[in-house]
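Participant:
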Amino acid sequence: MHKAEAPAEPLIIDDDEPPSSRLAIDTLYPAPPAGQPAIQLTRPVFILPARKTSSLRYPKLSPETKAFQKQFFPGSTARDWHDWQWQVRHRIHTYDRLHQILPLGPDECLADHAVQLPLSITPYYAGLIPKDVPDHPLRRCVVPTAGEWVKMPCESDDPLGEDHQSPVPGLVHRYPDRVLFLLTDFCSTYCRYCTRSRVVGHGGIRASRARWEKAIAYIAANANVRDVLLSGGDPLTLSDDRLEWVLSKLRQIPHVEIIRIGTKVPAVLPQRITPKLVKMLKKYHPLWLSLHFTHPDECTPDTRAACALLADAGIPLGSQTVLLKGINDSVPVMTQLMHGLMKMRVRPYYLYQCDPITGSGHFRTAIAQGLEIIRGMRGFTTGYAVPTYVVDAPGGGGKIPLMPDYGGSHTNDNLVLTNYENRSFTYPDPMPVQG
Ligand SMILES: *Cc1c(COP(=O)(O)O)cnc(C)c1O
Ligand code: SF4
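Residue numbers (UniProt numbering): 1 to 435.
#1: Just checking my contact of arginine 345 with alanine 368 at CB under 8 Å: how many whole Å lie between their CB atoms?
#2: Roughly how many angstroms separate the alpha carbons of glutamate 162 and arginine 272, rounded to a whole number?
#3: Please determine, among Pro106, Asn414, Asp240, the residue with the shortest C-alpha to C-alpha distance to proline 428.
#4: Need the endpoints of the beta strand (DSSP E) that valine 179 sits in, please.
#5: Quick check on the DSSP output: the alpha helix (DSSP H) that includes valine 416 runs from which residue to which?
#6: Sorted by chain position, which residues of the same chain lie with C-beta nearer than 6 Å to glycine 147's C-beta, five sequence neighbours on each side aside?
#7: Could you please go through the chain and list the residues whose beta-carbon is closer than 6 Å to any non-hydrogen atom of ligand 1?
#8: Output the boundary residues of the alpha helix (DSSP H) element that contains histidine 339.
#9: Should arginine 260 be listed as close to ligand 2, given that the test is whether its C-beta is under 7 Å from any heavy atom?
#10: Helix, strand or coil for proline 347, going by three-state DSSP, please let me know.
#11: Starting from the C-beta of lysine 214, find all residues in its chain whose C-beta is less than 6 Å away, skip the five residues before and the five after it, and write them out in chain order.
#12: Quick check on tyrosine 29: does DSSP put it in helix, strand or coil?
#13: Buried or exposed for alanine 67, please, with buried defined as at least 16 other CB atoms from any protein chain shown within 10 angstroms of its CB.
#14: Which runs of the beta strand (DSSP E) at least 3 residues long sit entirely within the stretch 143-202? Give them in chain order.
#15: If distances are taken between C-alpha atoms only, which option among Pro296, Glu244, His164 comes closest to valine 278?
#16: At a threshold of 7 Å, does cysteine 354 count as lining ligand 2 (C-beta to nearest heavy atom)?
#17: Short of 8 Å in beta carbon distance, which residues of its chain neighbour histidine 410, apart from the five on each side in sequence? Order them along the chain.
#18: According to DSSP, is proline 428 helix, strand or coil?
#19: Any residues whose CB sits closer than 6 Å to a heavy atom of ligand 2? List them in chain order?
#20: Whole angstroms is fine: what's the gap from glycine 105's alpha carbon to valine 265's?
#21: For serine 424, count neighbouring Cβ atoms within 10 angstroms of its own Cβ and tell me buried if that reaches 16, exposed if not.
#22: Does the pairing of the stretch 115-126 with the stretch 183-192 give three or more beta-carbon distances under 8 Å?
#23: Label phenylalanine 293 either buried or exposed according to how many other C-beta atoms from any shown protein chain fall within 10 Å of its C-beta, with 16 as the threshold for buried.
#24: Which class does histidine 93 belong to by DSSP, given the choice of helix, strand or coil?
#25: Just to confirm, is the Cβ distance from isoleucine 259 to valine 228 under 8 Å?
#26: Aspartate 240 lies in the alpha helix (DSSP H); which residues open and close that run?
#27: Just curious, the beta strand (DSSP E) that threonine 263 is in, first and last residue?
#28: Nearest to glutamine 100 by CA position, among Pro332, Gln116, Gln85, Gln71, is which residue?
#29: Is it buried or exposed, histidine 255, if we count other Cβ atoms within 10 angstroms and call 16 or more buried?
#30: Applying the 10 Å Cβ sphere with the 16-neighbour rule, what's the burial state of tyrosine 420?
#31: Taking 8 Å as the cut-off, decide whether the C-beta atoms of glycine 398 and arginine 174 are in contact.
#32: In this structure, does DSSP put lysine 131 in helix, strand or coil?
Structure, rendered in structure tokens:
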């Protein structure tokens, strides 16, 4: 409509050189006239070498990873290892195979219970787990234990009541302005505490064009849906083409403002984040990603490279973490994870209380523990590193935030507050006049 006239002068002069560049130094400190001594710089000037993006994209395999690959995937190459399709094809999904790689303990041999969440671990993720640490946090996340077969009275297969809020299979419309759209039930690695364990890996929520079309038609017909959250299963296990089909259809709907993708791929299959995928994703901005992370050991060089590609494409990255007993339920571990995420330009978003899904009792902590973790972070580190702790209310009430108690009691006309160091402060806050 409004065709901007070319301004007479550029509004922004963007050819200023950064102060450490050679040109800037030469301008600030011109070469002395012949015969005079050069000006001595009082402070050293650092000139950063150009970053090699190729080495950033494909970090070298560590000696441990190389040895692991050689032992369990003989004949495969480093190129294979960096190929996400190879990783998916070679995922560990039988107990025999798992037992070869991570010898199973007495609590871990459960081959005959096929009805529950399936087993799958990418070679990459298996390679991060030391085989001689039975309770290693990453092992507990992905290797089934007997605890999964214990059903407590408070647990259910659909604690969040998602099935009742699904106008179309695989589409959950719980909040007024946004929907959760489950694209596939497949994950390259299954988390033993998965909230959707009744759904994932069972073929109920297929990645089928016919089902997707129904969901997209629902979104197109509901003008109040301005935000679509793609989840699963893991949407990034779909091929670029299939994912792009969905993104482009959603982008054709004028009232869809934001598209979000929830994924664990950067933690379990970072090889999937290819330059080609990222180039495709950035066509559909504003696109946000919520990355699922559980433990600081997931912040590896490969994951860092994957997040760098995504962040460089202008995709805002948030994180989601489930609070898990014995895995990340302490202040130091949670702080280390959140700091690790921030260093990868991932902004901590949600910390979830573990849902009472069937067989999750061994993972759940008391809510008091979650509150103590938040209390142990707030004030001790930047607020950027502190996620919002939420309980997803059983029965479909949605996410409800929980905060430690910082006082907030009135004495006369003052509000009494407690700071992170447990010291009291008052803020003048007159009580409303009664009557
Ligand atoms: C978590 C969730 C969302 C998204 O919630 P935000 O707070 O916007 O991140 C949307 N729908 C359902 C059903 C959810 O569980
Ligand atoms: S990545 Fe998400 S959907 Fe897949 S198993 Fe883990 S928690 Fe469940």
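The beta carbon of each residue, even a glycine, is placed where N, CA and C say it ideally should be.
Facilitator: On the basis of the coordinates in this document:
#1: By one-based count along the sequence shown, residue 345 stands at place 345. By one-based count along the sequence shown, residue 368 stands at place 368. Here arginine 345 is actually not in contact with alanine 368; their C-beta atoms are around 32 Å apart, not less than 8 Å.
#2: Here residue 162 corresponds to residue number 162 of the sequence shown, with the count starting at 1. Here residue 272 corresponds to residue number 272 of the sequence shown, with the count starting at 1. Glutamate 162 and arginine 272: Cα-Cα distance of roughly 29 Å.
#3: For this step, residue 428 is matched to residue 428 along the sequence shown. Here the closest residue by C-alpha is Asn414.
#4: Here residue 179 corresponds to residue number 179 of the sequence shown, with the count starting at 1. Valine 179 -> beta strand (DSSP E) spans 178-182.
#5: Within the sequence shown, residue 416 is the residue found at index 416, counting from 1. Per DSSP, valine 416 lies in no alpha helix (DSSP H) segment; the continuous beta strand (DSSP E) that holds it begins and ends at 414-418.
#6: Within the sequence shown, residue 147 is the residue found at index 147, counting from 1. Excluding residues within five positions, the ones whose Cβ falls inside 6 Å are His362.
#7: This criterion selects Val172, Arg174, Tyr175, Arg178, Leu180, Leu229, Lys399.
#8: If you number the sequence shown from 1, residue 339 lands on position 339. Counting along the chain, the alpha helix (DSSP H) containing histidine 339 begins and ends at 331-343.
#9: The count along the sequence shown starts at 1 and reaches residue 260 at position 260. No, since every heavy atom of ligand 2 falls outside the 7 Å radius drawn around the Cβ of arginine 260.
#10: Stepping through the sequence shown from its first residue, residue 347 is reached at position 347. The displayed chain sequence assigns arginine, not proline, to residue 347. Arginine 347: strand per DSSP, three-state reduction.
#11: For this step, residue 214 is matched to residue 214 along the sequence shown. The beta carbon of lysine 214 lies closer than 6 Å to those of Val168 in the same chain, with the five residues before and after it left out.
#12: The residue given as residue 29 occupies position 29 in the sequence shown. Caution is warranted here: a pLDDT of 49 is assigned to tyrosine 29, below 50, making its placement in the model unreliable, and no coordinate value can be reported.
#13: Position 67 of the sequence shown, counting from 1, holds the residue named residue 67. If you draw a 10 Å sphere on the C-beta of alanine 67, you find fewer than 16 other C-beta atoms in it, and that means exposed.
#14: Complete beta strand (DSSP E) runs here, min 3: 171-175, 178-182.
#15: Looking up residue 278 in the sequence shown gives position 278. For valine 278, the closest of Pro296, Glu244, His164 by C-alpha to C-alpha distance is Glu244.
#16: By one-based count along the sequence shown, residue 354 stands at place 354. It does not: the Cβ of cysteine 354 is nowhere closer than 7 Å to a heavy atom of ligand 2.
#17: Counting from 1 along the sequence shown, the entry for residue 410 is found at position 410. Closer than 8 Å at the Cβ level, and outside the excluded window around histidine 410, lie Val416, Asp429, Met431.
#18: Position 428 of the sequence shown, counted from the first residue, corresponds to residue 428. Three-state result, proline 428: strand.
#19: Going along the chain, the residues that qualify are Cys187, Tyr190, Cys191, Cys194, Arg196, Val200, Gly232, Gly233, Asp234, Lys264, His292.
#20: On the sequence shown, position 105 is the one that residue 105 refers to. On the sequence shown, position 265 is the one that residue 265 refers to. Taking C-alpha positions only, glycine 105 is separated from valine 265 by approximately 27 Å.
#21: As a working mapping, residue 424 is identified with position 424 in the sequence shown. Counting Cβ neighbours within 10 Å, serine 424 comes out exposed, since fewer than 16 surround it.
#22: Touching, yes.
#23: The residue you call residue 293 lines up with position 293 of the sequence shown. Buried.
#24: Start at 1 with the first residue of the sequence shown, and residue 93 comes out as number 93. Under the three-state reduction of DSSP, histidine 93 is assigned to coil, being neither helix nor strand.
#25: Residue 259 sits at position 259 when you count from the first residue of the sequence shown. Residue 228 sits at position 228 when you count from the first residue of the sequence shown. Against a cut-off of 8 Å, the Cβ pair of valine 228 and isoleucine 259 comes out as a contact.
#26: Taking the sequence shown and counting its residues from 1, the one referred to as residue 240 is at position 240. Membership of aspartate 240 in the alpha helix (DSSP H) is indicated by the continuous run 240-251.
#27: On the sequence shown, residue 263 is found 263 positions in, with the first residue counted as 1. Note, threonine 263: beta strand (DSSP E), 258-263.
#28: As a first step, residue 100 must be located in the sequence shown, where it is residue number 100. Of Pro332, Gln116, Gln85, Gln71, the smallest CA-CA separation from glutamine 100 is found for Gln71.
#29: Numbered from 1 along the sequence shown, position 255 holds the residue referred to as residue 255. Looking at its Cβ environment, which holds fewer than 16 other Cβ atoms inside 10 Å, histidine 255 is exposed.
#30: On the sequence shown, position 420 is the one that residue 420 refers to. Burial call: exposed.
#31: Taking the sequence shown and counting its residues from 1, the one referred to as residue 398 is at position 398. Taking the sequence shown and counting its residues from 1, the one referred to as residue 174 is at position 174. For glycine 398 and arginine 174, yes; Cβs fall inside 8 Å.
#32: Your numbering for residue 131 matches position 131 in the sequence shown. Correct three-state label for lysine 131: coil.
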